[in-house]
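Below is one structure, written out as structure tokens; comments come after it.
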Amino acid sequence: MIVDEVQTGLGPTGTLWAHEAWGLDDPPEYVTFGKKMQLGGYYHLEQCRPRHAMRINSTWMGDPARMMMLQTIVDEIISNQWLSNVRITGEVLLAGMKQLEDIYPWLVHRARGVGTFCAIDGRTVDIRDELLSELKNNGVLISSSGDKAIRLRPSLIFQPDHANIFLDIFESVLKVQK
Numbered sequence: 009m010i011v012d013e014v015q016t017g018l019g020p021t022g023t024l025w026a027h028e029a030w031g032l033d034d035p036p037e038y039v040t041f042g043k044k045m046q047l048g049g050y051y052h053l054e055q056c057r058p059r060h061a062m063r064i065n066s067t068w069m070g071d072p073a074r075m076m077m078l079q080t081i082v083d084e085i086i087s088n089q090w091l092s093n094v095r096i097t098g099e100v101l102l103a104g105m106k107q108l109e110d111i112y113p114w115l116v117h118r119a120r121g122v123g124t125f126c127a128i129d130g131r132t133v134d135i136r137d138e139l140l141s142e143l144k145n146n147g148v149l150i151s152s153s154g155d156k157a158i159r160l161r162p163s164l165i166f167q168p169d170h171a172n173i174f175l176d177i178f179e180s181v182l183k184v185q186k
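Structural data, given as structure tokens:
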């Protein structure tokens, strides 16, 4: 099994690696990572190791300065308990989005997520695009994904109070839609 943790690695799901919470009987053979990790790369099980050096290589790997930066980031995540914060904040965020989809089912549906790695769908592309535009006009840095999704990817320091601010803004945007 190969797991792509480019977006999910380093905590947005409430664990350092999203696959840690999947209840796998065996670990993945390969895990790829990037973005927040400060460098792109992969790790693998010992039995997947190539017999000869440099058989699998990437120009993004092997930068000692980036590895030092990553170690500092991981140390900060652990010492400040940011993963616990992500789990708590994600519960607030997802519960609030589910409540909004119950109130405005003609506008949004399918709230989903793990930790703060969350999304909700607009009922149509046009509705989604209008909601995104209005959220941005109200100071929310947010993006789309796929045909209808509004995706949230806040930083690890995003707190329950921040989630409630977002939810209040989101509801104010939903209220004025026709």
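All residue numbers for the sequence shown refer to this note's numbering, where the first residue is 9 and numbers rise by one. For glycine and all other residues, C-beta sits at the position ideal for the given N, C-alpha and C.
Using a Cβ distance threshold of 8 Å, L182 and L91 do not count as a contacting pair. As for any beta strand (DSSP E) of minimum length 3 sitting wholly inside the segment 62-129, the runs are 116-122, ordered along the chain. Counting along the chain, V181 sits inside the alpha helix (DSSP H) bounded by residues P168 to K183. When DSSP states are grouped into helix, strand and coil, I158 belongs to the strand group. Within its own chain, the residues whose Cβ lies closer than 8 Å to the Cβ of E84, once the five positions on either side in sequence are excluded, are W90, listed in chain order. When Cβ pairs closer than 8 Å are counted between the two stretches, the segment 134-143 is seen not to touch the segment 98-107, the count staying below three. Ranked by Cα distance from D169, the options D33, G19 and N93 are led by N93. Following the DSSP letters along the chain, one finds D137 in no beta strand (DSSP E) but inside the alpha helix (DSSP H) bounded by residues V133 to N145.
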